[in-house]
Every structure is written in C-alpha cells, then in structure tokens.
Amino acid sequence: MLNPVFHSSPVTVRKEQEVSEAEQELQALVPAAVTGDRGALQRILEIIHPLVLRYVRARISTGRIPGAEDIAQEACLAVVHSIERYTDRGRPFMAYVYGVVSHKVADARRMYVRDQSHPTEEIPDSVSGEANPEEEALVKDGSNRVRELLDSLSERSREIITLRVLVGLSAEETTEMVGSTPGAVRVAQHRALVSLRKAVEEGER
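As structure tokens, this is what we get:
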C-alpha cells in the first residue's frame, strides 16, 4: 500500500510553476482585455492556448475529428468572444477558461459518440523529466490508452487527474475548478493514481 504522503514530482512542480506564472501575468492582462485592449487580448491568447491544448489532449483521443488542436482553438476563440462580459468573482481567470474548455470537450465527445466512423490511432505522447510511478505510467502510457484509463475513473477523479497531473494546476487552483478543498483534492488525486497504476499493471499481465 502506498504511503499517503504527497510529494510533487519534478514534472508536476514544473507544470505548477508554469501555470502559476501564467496566472500572475493574466491577473494584470485580463482587466485591460475586458475594456478592449487588443494587445492584452493577444497576449492572453498566447498564454492560455498551450494550457488549453494540454487539457484538451488529456481528454480527447488522437484520431478523433474534431481533433484536440481544433477544439482548443474553438475554446480559445470562445474565451475571446466572451471576455468583454467576464466578471472577476475572485477566482483565477484560468478557472473561467477551463470552464469554457470543459464544455467544448463535452460537446466534442457527444459529437464523436454520434459518429464513430472515424478510426482512432494510438500515438504515444512524449514526456521529458522524472515522475513518480503512477504519474509516469499515466503520461507515458500512450495517448489513447491514457484516455481509456481516465474514462474508468469517476468524473470528479478524472477532472482532478487531468488538472493536477496533465495540466499542472496546483491543488489550490484545482480546488477552484472542482469545488473542494486542497486536502481533499490531494487525497482524491492519490486514490485515482493508485487506481490507474493498478489498471496499468492488470493490462500488462
């Protein structure tokens, strides 16, 4: 049984730092973009696009139509078109962005269920750096296999793993998305990663 003490891997720490730095810059840019500053809006797009794409790739299998890049672009455009109506309610701006993206992903998944005529192709995602065994299995296993494993989790656990491990949000930032506490998020992450590791081990037998 794994020790329930949570140590962040170098990969996770690096991702969390990236998201934290993005949030700090967005905090200054968003008010300007809301008032119509096109330069600020362009910079916001540059910041959020890689984070949005990372999230979508974690939820959409390769080979699907529309693909992750198309969905990410559509989500970013939706953020652009709605930013004038954005109201700061004390939550990180990325929580708002991921709310938009999650709806786009849900729409795409529903569309795919209606039309399963498109073949899926397993293309492994390359990841550099070190991670603990659960995280390494999750991010290196192969893109479509990752989606299958994630789909075996509850919706809440799947969202926590996507945001924490694959996107790189901190426990506090994830709390803003799933409506929980940092401690509960860490516990849920730990349990979900254990479940994923068991699924990987069973698949290797």
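Letter by letter, the sequence shown follows residues 1 to 205 in the UniProt record's numbering. Backbone N, C-alpha and C define an ideal beta-carbon position, used for all residues, glycine too. Because the structure is a prediction, the values reported are computed rather than measured.
Candidates the options, of which the one nearest residue i by Cα
| i | options | result |
| --- | --- | --- |
| E46 | G67, A72 and G36 | A72 |
| S102 | A22, L29 and A68 | A68 |
| V178 | A75, V97, I160 and V100 | I160 |
| V80 | V30, D107, A108 and V194 | V30 |
| residue 230 | V56, T87 and E176 | Summary: the structure shown does not reach residue 230, with the chain confined to residues 1 through 205, and so no result is reported for it. |
| L193 | G39, L53 and S157 | S157 |
| V100 | A78, G90 and R109 | A78 |
| R109 | P182, A58 and G39 | A58 |
| P66 | R38, I44 and M111 | M111 |
Residue i burial status per 10 Å Cβ neighbour count (16 or more: buried)
| i | result |
| --- | --- |
| E148 | exposed |
| G168 | buried |
| E201 | exposed |
| P50 | exposed |
| Q24 | exposed |
| K198 | exposed |
| R186 | buried |
| L2 | In this prediction, L2 scores a pLDDT of 40, lower than 50, which makes its location untrustworthy; no coordinate-derived value is stated. |
| E155 | exposed |
| L196 | buried |
| E172 | exposed |
| Q189 | buried |
| M28 | Looking at the sequence provided, one finds Ala at residue 28 rather than Met. Exposed, since its Cβ has fewer than 16 Cβ neighbours within 10 Å. |
| S128 | Low per-residue confidence applies at S128: pLDDT is 34, beneath 50, and the placement is therefore not dependable, though the value from the model is reported in the following sentence. Classification for S128: exposed. |
Residue i and residue j closer than 8 Å at C-beta
| i | j | result |
| --- | --- | --- |
| V19 | I83 | no |
| A41 | F93 | Note that residue 41 is Leu in the sequence shown here, rather than Ala. Going by C-beta atoms, L41 is not nearer than 8 Å to F93. |
| E16 | S180 | no |
| T174 | L163 | yes |
| I48 | V105 | no |
| Y96 | Y86 | yes |
| R91 | E176 | yes |
| V52 | A22 | no |
Inter-stretch contact at 8 Å, needing at least 3 Cβ pairs: the stretch 22-40 / the stretch 149-156: As far as the Cβ criterion goes, the stretch 22-40 does not touch the stretch 149-156, which means the pair count is below three.
Every unbroken alpha helix (DSSP H) inside the UniProt domain "RNA polymerase sigma-70 region 4" (149-198) [4 residues or more]: Qualifying alpha helix (DSSP H) stretches, in chain order: 155-161 and 171-178.
Alpha helix (DSSP H) segments (min. 4 residues) lying fully within the UniProt domain "RNA polymerase sigma-70 region 2" (49-110): Runs of the alpha helix (DSSP H) spanning 4 or more residues and lying entirely within the UniProt domain "RNA polymerase sigma-70 region 2" (49-110) occur at 68-82, in chain order.
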